[in-house]
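Encoded as structure tokens, the structure appears first; notes follow it.
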Amino acid sequence: MTGVDEDFAASVFERNCASRGVLTDITGRWGSLALGALHEGAFRFNALRRRVDGVSEKMLAQTLQALERDGLVRREVQATIPPRVEYSLTDLGERVAAKMKDLIVLVEGEMDQVRAAQEAYDRAH
1 MTGVDEDFAA
11 SVFERNCASR
21 GVLTDITGRW
31 GSLALGALHE
41 GAFRFNALRR
51 RVDGVSEKML
61 AQTLQALERD
71 GLVRREVQAT
81 IPPRVEYSLT
91 DLGERVAAKM
101 KDLIVLVEGE
111 MDQVRAAQEA
121 YDRAH
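Quick note: the sequence shown uses full-length UniProt numbering, first residue 1, plus one each step.
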């Protein structure tokens, strides 16, 4: 017995649903960027930190731990001297990251429209 109700249907709109926390891990500032970067391939920690420009070491470590706990990221320690740690996506992480990458591409491609909307809003307010 795992303590999980087998009849429970996940609903992110329910206050106590565990899926809400997972969604927060995925869509948080650093989670979405880490997933987007890892969609490009495996990274060592410092290379991933350089790819996700602006993230602190502490925040990236916390983000990767949360995504690993959620089953989206795999942390592989290779038996070398010194030990080499590499991060990659699990199968579930690949599926989630593909959706995240689609969103990233959509937003980047529509930035002219976004900027125009922001300027119009700023002028009106």
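Ideal placement from N, C-alpha and C gives every residue a C-beta, glycine not left out.
It should be emphasised that the depicted structure is a prediction, and the values quoted were computed from it without experimental measurement.
| Check | Outcome |
| --- | --- |
| Can you tell me where the alpha helix (DSSP H) holding E76 begins and where it ends? | Careful: E76 lies outside any alpha helix (DSSP H), inside the beta strand (DSSP E) at 73-78. |
| Restricting to Cα atoms, I'd like to know which of G31, S88, R69 is closest to D53. | G31 |
| Excluding five sequence neighbours on each side, which residues of the same chain lie with their C-beta closer than 7 Å to the C-beta of A97? | L35, G36, L38, H39, L89 |
| If you draw a straight line from the alpha carbon of R115 to that of Y87, how long is it in whole angstroms? | 34 Å |
| Could you tell me whether the Cβ atoms of V85 and R44 are closer together than 8 Å? | yes |
| Quick check on DSSP: helix, strand or coil for T2? | Only weak support is given to the placement of T2: the predicted model assigns it a pLDDT of 46, under 50, and the value that follows is read from those uncertain coordinates. Here T2 sits in coil by DSSP. |
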